[in-house]
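> Here you go, one structure.
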C-alpha cells in the first residue's frame, strides 16, 4: 500500500524582485487569449500603451494598481527594485498613466484628504480662528471637506508641498476602468486579486493544474461580463451606503430605481443579483420597513425570499396570500428550511388558537439526554466525546468535515472536469458552477456512472486512498487536508454499506450548497458499528438542515440521533466526620 505523503516543512520561497510585473503581464496575455474578441478599443489601447512603457514605469504603475485607492503621495514611494522612481513617474505622466492632483478630482475629495495625517492637516489647513487640534482625524477631514472648496484645499496642498516640509506631489493613477475590467475578466469576480499569484508561488495554496488549452471563458459575451460586473459594483455601493448610514428609505428608492432601469440579466449575473435582492430585503426587514422589504423580496423566488414573504404577509395581515404562497413552497421546497417551514407554518395557521411547536423543536425535545459536567459548558461536543470514551466507545468531533472530504475525494475528477467548461483561470479553487443547480445537471451522467462503480466497500476505499495520495495538498473546497481525513472516511466506508454511501453522496450532489452542511457533530463507534450523534446544549437549537439529515439517515437505516446535554454540577467534597 502506498504511504500517505509527508507534510515536512519546506524551505521558504523567495519571490523575484519584480514578481508582480510578471503576474500582471501573464494576466494580460491570458485575458487577451480568452477574451480578445470582447475587449473594447480603450482596453486594447491601454494594453498596447502599457507594453510600450519602460520596465520601471510598468513596475511603478502595477505597484499603484495593486494598492488601495487611486491617489498617492510621490514622497512616500519606496520600491528598491525600481532604479529611478522620479524618471518612472515622469514617463507615466508623459504617457497619460498618471495625473497630478487638480480641482477636477473633487469626486474623490475624501480619499485625497485622508492621504495626510491629522498633524499634516493642522499645517496644511487654511488659517482659521477655530482650534482644529482637539478634533479627531475623521472629524477634521469632514470639517475641511464641508468648510472649504476642494479647489482651495488642492491649492493649499500644492502651495505647502512646494516648501521644504512637503517636498512631494500627489498624483492620481489613470486607467482604473480598464484595469478593473482586465482583472475582472481574469478572476471572474471582484473578490480575488493579484495576491492569489503570491499565495500560490509561496506555496500557501497548491492549485489543481490544467493544460494551457483547457480554460474556457467565464463570460461568453461582453454583455455577460458587464452585467456581472454591474451587479458586483452595485452590491459594493449598497455596503458603502450602509456604512455611510444612508437612511433605509433612500436605499430602498435607490435600489428599486436601479433594478427598474436594467435590462434582463444574463445567466452569469443572476446568482449575484439574487443574492443582492435577498440581502437588501433582509436589511429593510431589520430596519422595520416590512412593505419595502416585501417589495424587494418579490423580485425573486430564490431562497430565502419566499419564506420571508410568507412571514411578512402574515405579519401585515394578508393571511390568504401567505397561505397560498406557503402551499406553493410545500409543493416544491428548494431546501430543508423551506420544507419544514411550509409544514410548520401551515400547522400554525390551522391551529391559530394554540401554540404550535416547530418540527425541529419537537424532534429535539423528543430526543434522549445525557448529563455532562458543567465544566464543558463552552466545549460541549468535547464533553460528550469524553462521555462516550468513558463508556468504552470511540468518539470524534467531526461534523461536516469527513462527509465533505468523502464527496471531494470520490468525485474529484468530475468536480474539476474541464469539459464542463467551468474552469476559467489557473488560480481557481472550485468550478464556477460549484454551488449552482447546474453543477449536478451538467455532470449527472458522470456522477451516476461513478456511483454505479461503488459496488463494494473495498472499491470505495481504493478510490478514496488513491485520490487522497495523488491529490494530497491540492486546493479543493470540500477537502480540508489533514492526516486523519483518510482514516475517518475509511471508517465510514467500513461501517456503512455501499448502498447507504451512494444514497448520501447522491443527495449531496443534487444540492451542494445545502447538503454539504448539517451533518451530525460526532462519529461514535465500537464493535457494534458506527453511530452519528448531533449534540445540543440546553440553549442550542436544531436546524432544518440537521433535521433533514436525521430523517434521511433514518430512512437509510444509518444510526443517527440527537443527544441533548443537561449540565451536571460537580459534587462538592464533604469533610470526613470526626471519630
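Residue numbers (our numbering): 90 to 668. Where is the CB? At the ideal position from N, CA and C, for every residue including glycine. Since this is a predicted model, take the numbers as computed values, not measurements.
1. Just to confirm my understanding: we take residue 653, look at its own chain, exclude 5 residues before and 5 after, and list those with CB closer than 6 Å. What are they?
2. In the stretch 305-364, which residue ranges form an unbroken alpha helix (DSSP H) of at least 4 residues, counting only runs that do not cross its ends?
3. Return no unless some Cβ of chain D is closer than 8 Å to the Cβ of residue 138.
4. Put residue 665 into one of helix, strand or coil per three-state DSSP.
5. Over the uninterrupted beta strand (DSSP E) stretch that includes residue 462, give me the two end residues.
6. Would you call the CB atoms of residue 180 and residue 188 closer than 8 Å?
7. Would you list, in sequence order, the uninterrupted beta strand (DSSP E) runs of no fewer than 3 residues that lie entirely inside the stretch 123-175?
8. Relative to the alpha-carbon of residue 521, which residue among 507, 122, 533 has its alpha-carbon at the smallest distance?
9. Going by DSSP in three states, residue 650 sits in which element: helix, strand or coil?
10. Cβ of residue 486 within 8 Å of Cβ of residue 510?
11. From the DSSP secondary-structure annotation, give me the bridge partner or partners of residue 612.
12. Are there three or more Cβ pairs, one per stretch, closer than 8 Å when the stretch 533-545 is compared with the stretch 579-595?
13. For residue 416, is the classification buried or exposed, using 16 other Cβ atoms within 10 angstroms of its Cβ as the cut-off for buried?
14. Secondary structure at residue 392, three-state DSSP: helix, strand or coil?
15. Are the stretch 315-332 and the stretch 354-363 in contact at 8 Å, needing three or more beta carbon pairs?
16. I'd like the list of long-range same chain contacts for residue 437, defined as Cβ closer than 6 Å, with 5 residues on each side in sequence excluded.
17. Could you have a look at residue 707 and say whether DSSP puts it in helix, strand or coil?
18. From which residue to which residue does the alpha helix (DSSP H) around residue 447 run?
19. Taking DSSP as the reference, what is the three-state secondary structure of residue 260?
20. With a Cβ-Cβ cutoff of 8 Å, do residue 648 and residue 618 count as a contact?
21. How about the stretch 561-577 and the stretch 486-499: do they share at least three Cβ pairs that are nearer than 8 Å?
22. Using the Cα positions of residue 611 and residue 460, report the straight-line distance between them to the nearest angstrom.
23. For the putative contact between residue 158 and residue 200, defined by C-beta atoms under 8 Å, what is the C-beta separation to the nearest angstrom?
24. One question on the structure: do residue 341 and residue 373 come within less than 8 Å of each other, judged by their Cβ atoms?
25. Looking only at its chain, what residues have a beta carbon closer than 6 Å to the beta carbon of residue 447, apart from the 5 residues adjacent to it on each side?
26. Put residue 566 into one of helix, strand or coil per three-state DSSP.
27. What is the rounded straight-line gap between the Cα of residue 151 and the Cα of residue 300?
28. Cβ of residue 672 within 8 Å of Cβ of residue 246?
29. Kindly indicate the opening and closing residues of the alpha helix (DSSP H) around residue 476.
30. Among 604, 323, 141, which one has its Cα closest to the Cα of residue 489?
31. Grab the span of the alpha helix (DSSP H) containing residue 42 for me, first residue to last.
32. Considering only the alpha carbon of each residue, which of 465, 479, 102, 559 lies closest to residue 290?
33. Thinking just about the alpha-carbon of each residue, which of 482, 287, 325, 264 is nearest to the one in residue 278?
34. Out of 466, 644, 137, which has the shortest C-alpha to C-alpha gap to residue 658?
35. Using DSSP with H/G/I as helix, E/B as strand and the rest coil, what is residue 544?
36. Counting C-beta neighbours from all protein chains within 10 Å, is the total for residue 479 16 or more, i.e. buried, or is it exposed?
For this structure:
1. Residue 653 sits at position 564 when you count from the first residue of the chain shown. Closer than 6 Å at Cβ, skipping near neighbours: 456, 458, 625.
2. 311-332, 337-350
3. Of the protein chains in this structure there is only one, and it is not chain D.
4. Counting from 1 along the chain shown, the entry for residue 665 is found at position 576. The predicted position of residue 665 is uncertain, since its pLDDT is 44 and thus under 50; no value can be drawn from it.
5. As a first step, residue 462 must be located in the chain shown, where it is residue number 373. Residues 457-462.
6. Position 91 of the chain shown, counted from the first residue, corresponds to residue 180. Position 99 of the chain shown, counted from the first residue, corresponds to residue 188. No, Cβ-Cβ distance for residue 180 and residue 188 is not below 8 Å.
7. The stretch 123-175 contains these whole beta strand (DSSP E) runs: 160-162.
8. Start at 1 with the first residue of the chain shown, and residue 521 comes out as number 432. When only C-alpha atoms are compared, the closest one is 507.
9. On the chain shown, residue 650 is found 561 positions in, with the first residue counted as 1. Residue 650: strand per DSSP, three-state reduction.
10. Counting from one through the chain shown, the residue named residue 486 turns up at place 397. Counting from one through the chain shown, the residue named residue 510 turns up at place 421. No, these two residues do not count as a Cβ contact at 8 Å.
11. Looking up residue 612 in the chain shown gives position 523. DSSP output for residue 612 lists 485, 621 as bridge partner(s).
12. Short answer: they touch.
13. If you number the chain shown from 1, residue 416 lands on position 327. Under this definition residue 416 is an exposed residue.
14. Here the question's residue 392 lines up with position 303 in the chain shown. Looking at residue 392 - three-state DSSP - the assignment turns out to be coil, as it is neither helix nor strand.
15. Using a C-beta cut-off of 8 Å, the stretch 315-332 makes contact with the stretch 354-363, since at least three inter-stretch Cβ pairs fall below that distance.
16. Walking along the chain shown from the start, residue 437 turns up at place 348. Answer for residue 437: 445, listed in chain order.
17. There is no way to answer for residue 707, as the model of the chain reaches only from 90 to 668.
18. Counting from one through the chain shown, the residue named residue 447 turns up at place 358. Looking at the DSSP string, residue 447 is not in any alpha helix (DSSP H), and its letter there is neither H nor E.
19. On the chain shown, position 171 is the one that residue 260 refers to. DSSP places residue 260 in strand when its eight states are reduced to three.
20. Locating residue 648 in the chain shown gives position 559, counting from the first residue. Locating residue 618 in the chain shown gives position 529, counting from the first residue. Yes, the pair counts as a contact, with Cβ atoms nearer than the cut-off.
21. yes
22. Counting from 1 along the chain shown, the entry for residue 611 is found at position 522. Counting from 1 along the chain shown, the entry for residue 460 is found at position 371. Approximately 17 Å between the Cα atoms of the pair.
23. Looking up residue 158 in the chain shown gives position 69. Looking up residue 200 in the chain shown gives position 111. About 6 Å; that satisfies the 8 Å criterion.
24. Numbered from its first residue, the chain shown carries residue 341 at position 252. Numbered from its first residue, the chain shown carries residue 373 at position 284. Inclusion of residue 341 and residue 373 in the CB contact set at 8 Å is warranted, their separation being smaller than that value.
25. As a working note, residue 447 is residue 358 in the chain shown. Excluding residues within five positions, the ones whose Cβ falls inside 6 Å are 433.
26. Counting from one through the chain shown, the residue named residue 566 turns up at place 477. If DSSP states are grouped into helix, strand and coil, residue 566 belongs with coil.
27. The residue given as residue 151 occupies position 62 in the chain shown. The residue given as residue 300 occupies position 211 in the chain shown. Cα to Cα, the separation comes out at about 28 Å.
28. Since the first residue shown for the chain is 90 and the last is 668, residue 672 is missing from the structure and cannot be characterised.
29. The residue you call residue 476 lines up with position 387 of the chain shown. Bounds of the alpha helix (DSSP H) holding residue 476 are 469-479.
30. Taking the first residue of the chain shown as position 1, residue 489 is located at position 400. Closest by alpha carbon: 604.
31. What is shown of the chain runs 90 to 668, which leaves residue 42 out entirely.
32. Here residue 290 refers to the residue found at position 201 of the chain shown. With distances taken between Cα atoms, residue 290 lies closest to 102.
33. Stepping through the chain shown from its first residue, residue 278 is reached at position 189. Minimum Cα distance to residue 278 is reached at 325.
34. For the purposes of this step, residue 658 is taken as residue 569 along the chain shown, with counting starting at 1. Of 466, 644, 137, the residue nearest in Cα terms is 466.
35. Along the chain shown, read from residue 1 onward, the residue named residue 544 stands at position 455. If DSSP states are grouped into helix, strand and coil, residue 544 belongs with coil.
36. Locating residue 479 in the chain shown gives position 390, counting from the first residue. Within a 10 Å sphere around the beta-carbon of residue 479 sit fewer than 16 other beta-carbons, which makes this residue exposed.
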